[in-house]
Structures are given as C-alpha cells and as structure tokens.
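Chemist:
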RNA sequence: GGUCCCGUGGUGUAGCGGCCUAACACGCCUCCCUGUCAAGGAGGAGAUCGGCAGUUCGAAUCUGCUCGGGAUCGCCA
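Numbering (this note's numbering), first residue to last: 1 to 604.
Written out as structure tokens, the structure reads:
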C-alpha cells in the first residue's frame with residue numbers, strides 16, 4: 001500500500017505516531033518558509049505542514065506542488081498549535097508534520113475547482129466527469145447509492161430472494177417505448193434489442209420455480225430525456241410467486257421504510273406509520289394525478305354545480321360538452337400581482353388548458369359570510385356574482401387572502417392542469433418541508449385506457465397485469481370497467497415504482513392481448529415465449545419494478561437523476577466525455593451488412 | 001416535433017445599441033512572506049462576447065437562422 005492511514009482518519013489519539021498518507025493536493029498555502037497543504041482523499045482532508053527545519057528536502061519539493069497533484073507523504077501527527085484548530089474538518093485538531101514527500105503524479109490545472117459550492121455547466125461537468133466526481137459531494141452521493149443497493153441486497157437476501165441476471169442482448173418486443181437495438185453479425189439483418197425492463201424474463205423465472213427473484217437491472221428506453229429520465233436507468237426489479245397484491249406491497253413497503261430509515265434516521269417521520277393507500281379513483285379526485293405529492297394539502301374541488309348558472313360562455317360551453325370545472329385554492333396568494341398570475345396562467349396553458357380563471361380574495365374581511373363585492377377581484381368578475389363567489393369559496397374552504405384557481409375543460413385535461421399547478425404552487429408557496437419524504441400507494445388502476453387518437457384500448461400500465469377476478473366478465477363487454485391488481489409506489493409527487501399481480505393463465509393473457517388489438521401471429525412473435533411457459537404450469541405471481549435512480553436522488557435531495565448516475569448523458573442523449581454515440585468504422589458496418597442512408601444534413 | 005430559459009477569459013457572473021481597445025470574483029503565472037486553512041501582499045497573463053447571416057454610421061448588446069446546455073409538453077407498455 002502507498003498509505004497506512006486515510007486522510008480523514010487521524011485525530012488527537014494519533015498524536016506522535018508516524019503515518020504515511022497519499023492523496024490529492026486540495027489546496028496549498030505557501031508562507032515562504034512554512035507551507036500548508038490540504039491533502040484530500042475519499043475519507044476527508046488532512047492538513048500537512050512542511051517546515052524547512054523538519055525537512056528541507058520535503059519543504060523544497062512542496063513549494064512546487066499545485067492543485068490536484070497526487071502525492072505520498074510521510075510524517076508525524078502532531079497537535080496543532082493553540083488557536084489554529086479547524087472545526088470544519090474531521091482532522092482539525094491535528095496536522096501532519098511532513099518529513100518526506102513523493103510526487104506520484106502531476107496534474108494540469110483542472111477546468112474547475114474541486115469544491116462543493118460551485119455550480120458548473122452540466123456539459124463541462126460531464127466532459128470532465130472524472131474531476132466532477134472528485135468533489136466530496138459527488139463521492140458522498142455514490143457512497144449513498146452503494147449503501148442503498150447493499151441494503152436492498154441484504155434485506156431481500158434475508159427474505160429468500162435470489163438475485164438473477166437476465167440478458168442485455170434480447171429481443172425487440174416493440175410496444176410502448178422505442179427500443180435500443182444492436183445488430184447481429186452472425187445473423188445478418190437481424191437485431192437484438194436491449195430490454196426496456198426484464199418483465200417477461202422475471203415472469204418466466206417464476207414459472208421456473210425460483211419463487212422470489214430480484215435484480216438491480218439496467219433498463220433501456222430510446223425516448224426523450226428529462227431531469228428524471230435517462231436512456232438507461234437502473235431498476236430494482238423483483239417478482240414473487242404465490243402472492244396476492246398485499247403481499248408484494250407489504251414486502252416493498254418494509255424494504256423502502258427500512259432503507260429510508262437507515263439513510264435518514266429520525267428525519268424519516270413516516271417510519272412508524274403505514275404508507276397511505278389511495279385508490280386510483282380517490283387519487284384522481286383529490287389530486288388530479290395518480291402520483292400525488294402528499295407533503296401538502298391543496299386538494300382539487302369540483303365546482304361544476306356552483307358555476308352552472310353563470311352567464312359566462314367559458315363555463316357554459318364546457319359544461320354543455322360534459323366537461324367539468326374544478327379548482328384549487330392557493331393559500332395566501334390573493335395578493336399576487338399581474339406578473340405572478342400571468343405566470344400561473346402560462347403554466348396552465350403549457351399543460352394544455354385553454355385558460356385559467358382566478359379569483360383573488362383580499363385579506364380585509366374576517367369570514368366568507370361577510371364577503372363583499374370589494375373583497376374579490378377576477379377577470380370574470382362580471383359573471384361571478386357575490387353570491388356565487390361566496391358559495392364557491394365556502395365549498396373550496398378558501399380563506400381571506402387566498403387565490404382561487406379554476407379550470408374548465410374535459411375532466412382529464414382539468415386534472416392534468418390542476419395537478420401541475422398544485423405541484424408548482426406547493427413549491428412556490430413553501431407549503432411543505434423540502435426535506436420531508438412521504439410515500440403512498442396508489443392501487444386499483446383500470447387495466448385499459450381508451451386512446452382517443454388511435455381509437456383503441458391501450459394498456460394503462462402493462463399488458464401482463466391481472467384483471468380483478470370480479471371484473472373478468474367486463475373484458476368482453478366493457479374493457480374500460482376492468483380494474484387490475486395494479487399498484488404504484490409514489491413519493492413526493494414522483495412515481496417510484498409500479499407493480500401488479502400478473503396474469504398466469506394463458507387464456508386470459510391472450511384475451512387481454514386481443515382487446516389491445518394484437519393479431520395472433522404478433523402475439524406469438526412478441527410474447528410467444530411467455531405464453532408457452534404459462535402452458536407448462538405457471539404459479540400465480542406478482543412483483544414490482546422500482547426506479548433506483550429516482551429513489552437515490554430523492555433520498556439525496558437531488559432533483560436530477562444525473563447527479564446519482566456516474567456517467568449520465570445530456571438531454572440530447574450524448575456523453576460529452578466519451579463523445580458517444582459515435583460513428584463506427586466501414587469495416588464494422590460491412591461485417592454487419594449495414595448500409596447507411598443518412599439524411600443530407602447528417603452528411604459530413 | 002412544440003414551448004420556455006441560458007450560451008461573455010479556465011470557472012461563475014456583470015455589461016443589454018456608441019462611454020467596451022469588455023468589468024468583477026475565483027482560478028492561473030512570477031515574486032515576497034514561519035501558523036495559514038475562502039491565507040495575505042505586490043505584479044502579470046488570459047475572452048472579440050457559441051456560430052452564421054442581417055439591421056445600423058456603429059452590435060457582446062437588436063432581428064433571423066443555426067449549434068450546444070437546461071426545464072417542460074408530446075413521448076416514456
């Protein structure tokens with residue numbers, strides 16, 4: 001070893017001992033005759049003093065040191081002189097009196113400082129990711145990620161789960177997301193596809209009798225990127241045999257509580273409570289979304305009834321077309337000026353609303369009963385009479401000084417818009433503690449959704465979820481009524497994972513496929529292997545797929561999963577460090593029998 | 001594919017029609033300095049303002065296109 005102690009370890013108990021450390025020069029403070037070096041490694045920072053009276057050789061070398069040089073230093077741990085202690089580092093009471101130094105490697109001046117405080121452009125960070133990852137904050141994030149995966153491994157291993165790896169080179173089962181594909185050399189013209197998830201494989205493993213499977217699995221989807229979406233993400237994939245929905249939920253809830261508690265300790269207030277369970281219907285009614293942020297109230301209220309007798313075309317047109325009017329109350333936002341209300345309207349429009357009606361309530365009245373004409377303002381004031389506003393405000397539990405926001409449209413659009421507004425305002429108005437983490441289950445999802453564009457039924461989640469037994473009859477008569485044993489784990493307004501009890505009866509599976517409109521040979525091509533396995537004795541089974549990147553990011557308080565992925569891609573799916581994706585040689589193309597036919601602007 | 005924000009020395013920002021032959025902080029280089037830890041002091045180098053085209057007597061500053069980054073809608077079984 002090049003060292004017998006880590007930089008962050010020595011303390012006053014080590015005074016007088018000789019140690020060898022190695023690491024990076026974090027900072028140099030050169031006083032001429034006395035030189036201080038902050039030596040950094042993963043464990044922390046240690047101050048090293050070079051005194052020419054202790055070693056003139058070491059001191060001579062130290063005067064050349066620069067940031068990020070890699071050095072090995074031998075010396076004696078000594079107590080710092082009185083008054084020179086530094087409470088901000090773990091080794092602040094002592095320092096290393098250097099007697100020997102060996103320069104292991106020099107470094108160019110890094111493009112940015114290795115420090116936690118600075119904010120650097122993402123592209124620069126990724127192009128120099130090896131330096132970016134040196135920052136203590138990043139090291140902490142990946143240590144955290146490791147800790148979480150270890151907790152998963154331990155927890156599930158203790159409960160008889162077996163980790164099994166499934167292939168990355170698989171087959172395209174096109175549906176939902178676009179596949180990443182890999183050409184086959186041995187089979188000209190044929191392609192593997194990278195799995196969007198190990199779904200079929202884990203179900204086949206259940207058929208094989210493994211009983212309980214899990215995998216920290218990489219999943220690939222060739223879709224547009226977001227702060228919480230990367231082309232490849234990691235999923236905690238698990239599946240269990242002979243279970244009902246509740247068994248899976250209880251297992252996963254135990255796991256997530258355990259991990260969150262291990263990481264956050266007492267800051268995780270939900271630890272001694274069950275995760276809230278909301279039916280899909282309830283979640284949509286109260287929050288307008290199937291992934292509500294439960295850190296704050298601000299629920300949606302339907303006010304179609306209260307507004308059905310206005311003179312306003314905005315409302316009447318919508319109501320005449322079976323639309324709804326729903327609203328939320330932004331507490332204390334009654335004094336928002338034009339600029340702020342415009343911002344809210346813009347957000348509503350960008351979420352798909354044709355418009356947004358607001359009513360600002362002033363603070364200068366005590367209760368809704370005493371509301372007067374002077375106490376409220378609204379662009380639609382001439383239609384919103386005092387009595388209507390009073391009734392509305394009472395129904396919505398608005399208080400003086402609040403801002404009422406109303407959206408009139410078809411129900412699903414209203415819900416999308418209001419849930420986006422709700423999330424926006426929740427953050428803007430500081431309605432919750434940003435450090436808080438609240439999980440919930442949303443269950444009892446419909447199995448199918450009607451796709452208005454394609455005029456056909458689409459799987460609401462995925463095609464393998466089992467219809468509820470009591471709904472089997474609806475499969476033929478009214479697929480929209482079929483609910484499934486399908487459930488999501490949500491946290492702070494994010495979907496953390498999705499699970500279900502799977503279909504294990506090949507006949508029901510075929511029926512579900514046919515409702516979605518798959519042809520017989522198409523089913524065979526995409527799902528033949530699964531159906532085939534089902535005909536050889538498939539146990540009832542169910543499981544979940546849980547986004548690991550999002551979970552780690554949430555526990556770390558990060559918004560973008562890029563922060564918890566060592567080598568992520570930019571929003572245009574590129575890696576600035578490796579410069580991927582990239583061209584391959586003509587020879588490689590030839591071997592694969594691939595001719596490129598690029599659009600003109602791609603030529604160069 | 002759409003919408004929005006951003007793009008100025010190595011990094012972060014200021015400047016938003018002529019005062020800019022571009023400012024500040026950090027970093028970098030040289031020298032001084034025995035107790036600093038965001039060390040200090042003195043001096044110095046470094047960007048033509050993402051790119052292209054246009055408007056203008058004059059553009060970092062205005063317009064269009066384009067490239068890149070970010071956010072978001074669509075998309076993501």
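Glycine included, each C-beta is placed from N, C-alpha and C at the ideal position.
Bear in mind the structure is a predicted one, so any value in this text is a computation, not a measurement.
In this structure, does DSSP put residue 266 in helix, strand or coil?
Modeler: What you label residue 266 is simply residue 266 of the first chain in a count that begins at 1. Three-state result, residue 266: helix.
Chemist: Near residue 498, which residues of its chain fall below 7 angstroms by C-beta distance, leaving aside the five closest residues on each side in sequence?
Modeler: Against the first chain, residue 498 aligns to sequence position 498. Excluding positions up to five away in sequence, the list reads 461, 488, 544 and 545.
Chemist: So residue 40 and residue 23 are supposed to be a Cβ contact under 8 angstroms. How far apart are they, rounded?
Modeler: Translated into the one-based positions of the first chain, residue 40 becomes position 40. Translated into the one-based positions of the first chain, residue 23 becomes position 23. With 8 angstroms as the limit, residue 40 and residue 23 qualify as a contact, their Cβ atoms being about 5 angstroms apart.
Chemist: Sort 565, 46 and 86 by Cα distance to residue 230 and report the nearest one.
Modeler: Along the first chain, one-based indexing puts residue 230 at 230. The shortest C-alpha separation from residue 230 is found at 565.
Chemist: Apply the 10 Å Cβ neighbour rule to residue 2 and answer buried if 16 or more other Cβ atoms are within range, or exposed otherwise.
Modeler: Walking along the first chain from the start, residue 2 turns up at place 2. So residue 2 counts as exposed.
Chemist: Would the segment 583-590 and the segment 238-249 be scored as touching if the rule is three or more Cβ pairs under 8 angstroms?
Modeler: Taking 8 angstroms as the limit for Cβ pairs, the verdict is that the segment 238-249 does not touch the segment 583-590.
Chemist: Under 8 angstroms by Cβ, that's how I've got residue 77 and residue 14 pegged, so tell me the actual separation to the nearest angstrom.
Modeler: One-based indexing of the first chain puts residue 77 at position 77. One-based indexing of the first chain puts residue 14 at position 14. About 4 angstroms separates the two Cβ atoms, so the contact holds.
Chemist: Determine contact between the segment 152-166 and the segment 210-222, defined as no fewer than three beta-carbon pairs at a distance below 8 angstroms.
Modeler: Yes: the two stretches touch, three or more of their Cβ pairs being nearer than 8 angstroms.
Chemist: Just how far apart, CA to CA, sit residue 509 and residue 201?
Modeler: Against the first chain, residue 509 aligns to sequence position 509. Against the first chain, residue 201 aligns to sequence position 201. About 16 angstroms.
Chemist: Could you check which residue in 206, 312, 172 and 444 has the C-alpha nearest to that of residue 283?
Modeler: Position 283 of the first chain, counted from the first residue, corresponds to residue 283. Answer by Cα proximity: 444.
Chemist: Among the candidates 473, 453, 474 and 483, whose CA atom is the shortest distance from the CA of residue 464?
Modeler: Here residue 464 refers to the residue found at position 464 of the first chain. Nearest C-alpha to residue 464: 483.
Chemist: Is it a yes or a no for the segment 447-459 touching the segment 326-337, going by three-plus beta-carbon pairs under 8 angstroms?
Modeler: Short answer: they don't touch.
Chemist: DSSP has residue 162 in a bridge; who is on the other side?
Modeler: Position 162 of the first chain, counted from the start, is the residue given in the question as residue 162. In the DSSP output, where bridge partners are listed per residue, residue 162 has 213.
Chemist: Whole alpha helix (DSSP H) runs in the segment 521-585 with 4 or more residues, listed along the chain?
Modeler: Fully enclosed alpha helix (DSSP H) runs of 4 or longer: 548-556.
Chemist: Quick one: which unbroken alpha helix (DSSP H) runs of 4-plus residues sit fully inside the segment 97-175? Chain order, please.
Modeler: List check, alpha helix (DSSP H) in window: 122-127, 129-132 and 136-157.
Chemist: Sort out for me which residues DSSP pairs residue 398 with in a bridge.
Modeler: For the purposes of this step, residue 398 is taken as the residue at position 398 of the first chain. According to DSSP, which records beta bridges pairwise, residue 398 is partnered with nothing at all.
Chemist: Could you tell me the distance, in whole angstroms, from the CA atom of residue 359 to the CA atom of residue 386?
Modeler: Looking up residue 359 in the first chain gives position 359. Looking up residue 386 in the first chain gives position 386. Their backbone Cα atoms lie some 12 angstroms apart in a straight line.
Chemist: Just the Cα atoms here: how many angstroms apart are residue 347 and residue 115?
Modeler: Indexing the first chain from 1 puts residue 347 at position 347. Indexing the first chain from 1 puts residue 115 at position 115. In a straight line, the C-alpha of residue 347 is about 35 angstroms away from that of residue 115.
Chemist: State the Cα-Cα distance for the pair residue 603 and residue 106, rounded to the nearest angstrom.
Modeler: Position 603 of the first chain, counted from the first residue, corresponds to residue 603. Position 106 of the first chain, counted from the first residue, corresponds to residue 106. Annotation note: pLDDT 37 at residue 603 (below 50); position unreliable, coordinate value reported separately. Roughly 41 angstroms separates the two Cα atoms.
Chemist: Can you check which of these residues, 380, 592, 597 and 596, is closest to residue 187 by C-alpha distance?
Modeler: Reading the first chain from its first residue, position 187 is the one you call residue 187. It is 592.
Chemist: Return the chain-ordered ranges of every beta strand (DSSP E) run that is complete within the segment 14-42 and spans a minimum of 3 residues.
Modeler: Runs found: 18-30 and 35-41.
Chemist: Secondary structure at residue 500, three-state DSSP: helix, strand or coil?
Modeler: Counting from 1 along the first chain, the entry for residue 500 is found at position 500. Residue state, collapsed to three classes: strand.
Chemist: Would you mind stating whether residue 576 and residue 126 have Cβ atoms separated by less than 8 angstroms?
Modeler: Counted from its first residue, the first chain places residue 576 at position 576. Counted from its first residue, the first chain places residue 126 at position 126. Yes.
Chemist: Quick one: Cα of residue 332 to Cα of residue 416, how far?
Modeler: Here residue 332 refers to the residue found at position 332 when the first chain is read from its first residue. Here residue 416 refers to the residue found at position 416 when the first chain is read from its first residue. Cα-Cα distance, rounded: 23 angstroms.
Chemist: Contact check, residue 334 vs residue 288 under 8 angstroms by CB: the rounded distance?
Modeler: As a working note, residue 334 is residue 334 in the first chain. As a working note, residue 288 is residue 288 in the first chain. Contact flag wrong, Cβ pair sits at about 22 angstroms.
Chemist: Report all residues from its chain with a CB closer than 8 angstroms to the CB of residue 375; omit the five preceding and five following residues, and keep chain order.
Modeler: Here residue 375 refers to the residue found at position 375 when the first chain is read from its first residue. Here the set comprises 361, 362, 364, 365 and 400.
Chemist: Which same chain residues end up closer than 6 angstroms to residue 8 when comparing Cβ atoms and leaving out the 5 residues on each side of it in sequence?
Modeler: Start at 1 with the first residue of the first chain, and residue 8 comes out as number 8. Cβ neighbours of residue 8 beyond the five flanking positions: 43, 44 and 90.
Chemist: Going by alpha carbons, who is nearest to residue 122 out of 293, 580, 243 and 570?
Modeler: Here residue 122 refers to the residue found at position 122 of the first chain. Answer by Cα proximity: 570.
Chemist: List the whole-angstrom C-beta distance separating residue 405 from residue 330, where the pair is believed to meet the contact cut-off of C-beta under 8 angstroms.
Modeler: Residue mapping note: residue 405 aligns to position 405 of the first chain, counting from 1. Residue mapping note: residue 330 aligns to position 330 of the first chain, counting from 1. Confirmed, Cβ separation roughly 6 angstroms.
Chemist: Assign residue 45 to one of three DSSP states: helix, strand, or coil.
Modeler: Position 45 of the first chain, counted from the first residue, corresponds to residue 45. If DSSP states are grouped into helix, strand and coil, residue 45 belongs with the strands.
Chemist: Please say whether residue 398 and residue 315 have beta carbons closer to each other than 8 angstroms?
Modeler: Within the first chain, the letter at position 315 stands for residue 315. Within the first chain, the letter at position 398 stands for residue 398. No, the pair does not count as a contact, with Cβ atoms beyond the cut-off.
Chemist: Do you know whose CA, among 551, 597, 563 and 560, lies nearest residue 151's CA?
Modeler: Locating residue 151 in the first chain gives position 151, where the first residue counts as 1. Cα-wise, what sits closest to residue 151 is 551.
Chemist: Following the continuous beta strand (DSSP E) through residue 12, name the residue where it begins and the one where it ends.
Modeler: Mapped onto the first chain, residue 12 falls at position 12. From DSSP, residue 12 is part of no beta strand (DSSP E); its letter is neither H nor E.
Chemist: How close, in whole Å, do the beta carbons of residue 198 and residue 191 come, if the pair is a contact with beta carbons under 8 angstroms?
Modeler: Within the first chain, the letter at position 198 stands for residue 198. Within the first chain, the letter at position 191 stands for residue 191. About 19 angstroms separates the two Cβ atoms, so there is no contact after all.
Chemist: Distance, Cα to Cα, residue 495 vs residue 438?
Modeler: Mapped onto the first chain, residue 495 falls at position 495. Mapped onto the first chain, residue 438 falls at position 438. Near 12 angstroms, if we compare the C-alpha coordinates of residue 438 and residue 495.
Chemist: When the distance is taken between beta carbons, is residue 96 closer than 8 angstroms to residue 73?
Modeler: Position 73 of the first chain, counted from the first residue, corresponds to residue 73. Position 96 of the first chain, counted from the first residue, corresponds to residue 96. A contact, by the Cβ cut-off of 8 angstroms.
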